[in-house]
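So the sequence shown is numbered by my numbering: it starts at 116 and just counts up by one.
Beta carbons are placed, not taken as given, at the ideal position from N, Cα and C, and that holds for glycine.
All of these numbers come straight from a predicted model, not from anything done at the bench.
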Amino acid sequence: MPPIAVIDFETTGISPGQGARATEVAIVLLEKGQVVDRFQSLMKTGAWIPSFITQLTGITNAMVNAAPDAAGVMADAARFVGNAPMVAHNASFDSKFWQAELALADLPAPQPFACTVLLSRRLYPQAPSHKLGSLADYHGLPRTGQAHRALADAEMAAALLARMQHDLRTRWRVAEPSYTLLQTLQRCAKPKVGALLAQHAVE
């Protein structure tokens, strides 16, 4: 399978539509269940980071003021991703910032997104929580780096995606858990997940 780009943003707020901006971006390239490359950068947008965000992420206004300009960071990020399809944990959040920050840099954002939250709700409905850290603990996945920093969260999401791909192969006998299947699966009604995966299973 071609590589998948797993992305995470840290931001000043919940929505670019409300004026929030990215403060940090990290992208992990996952190929055949293995991380093959990483990209991470703080970015300077001129937006103020509220104190509660600093308490959550550890990212300060001084840190982003000393960081590269956002447009240059996003240009580098877009080159790093290339044509790879994208995945995020809660993709409705990260995809909005990906598109908004690229638009501000006058760059296109053609990449499709799949969401590990939606996928986990279908593959692991018994999990006590579908938050990233909780799912990592549920599956016994390593927690690397500082939570609520972009690279640590992107690597955790990549590990979760790799676990999903492994389980699709071993538990559901899907020979090739392609990105197209992930997109279909995340939109599948939960009662129909078993039937969908059975269609893709090998004998």
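Arg153: member of the beta strand (DSSP E) spanning 149-157, first to last residue.
Of the candidates Phe212, Ala265, Gly132, Pro183, Ala265 places its Cα closest to the Cα of Gln155. In this chain, the alpha helix (DSSP H) harbouring Met189 covers 185-196.
Within 10 angstroms of the beta-carbon of Arg194 lie fewer than 16 other beta-carbons, which makes it exposed. In this structure, the straight-line span from the alpha carbon of Gln170 to that of Asn180 is close to 17 Å.
Taking a C-beta distance under 9 Å as the contact criterion, Leu297 and Leu217 do not qualify as a contact pair. When C-alpha distances from Val121 are compared across Arg136, Val140, Pro131, the shortest belongs to Val140.
Look at the region 291-318 and you find these whole runs of alpha helix (DSSP H), each 4 residues long or longer: 294-302, 308-315.
Taking each of Gly197, Glu318, Asp252, His315 in turn and checking the Cα distance to Arg278, the smallest one comes out for Asp252. Counting the other CB atoms within 10 Å of its CB gives His204 a total of 16 or more, which places it among the buried residues. With respect to the 9 Å criterion, Lys211 and Ser293 are not classified as neighbours on the basis of their beta carbons. Taken in chain order, the complete alpha helix (DSSP H) segments of 4 residues or longer contained in the region 178-264 are 185-196, 206-219, 231-238, 247-254. Boundaries of the alpha helix (DSSP H) harbouring Thr169: 166-172, taken from the DSSP string.
An exposed status is given to Thr285, since fewer than 16 other beta-carbon atoms sit within 10 Å of its beta-carbon. Thr160 sits in coil when the DSSP states are folded into three classes, being neither helix nor strand.
When the beta-carbon positions are compared, Ala162 and Ala182 stay at least 9 Å from each other. The three-state secondary structure of Thr285, taken from DSSP, is helix. DSSP lists Ala137 as the bridge partner or partners of Thr126.
Excluding residues up to 5 positions away in sequence, Ala224 lie with their Cβ nearer than 6 Å to the Cβ of Gln214 in the same chain. Residue pairing from DSSP places Glu146 in a beta bridge opposite Gln149. Between the C-alpha atoms of Pro257 and Asn176 there is a straight-line separation of about 30 Å.
Under the 10 Å beta carbon count, Ala316 is surrounded by fewer than 16 other beta carbons and is classified as exposed.
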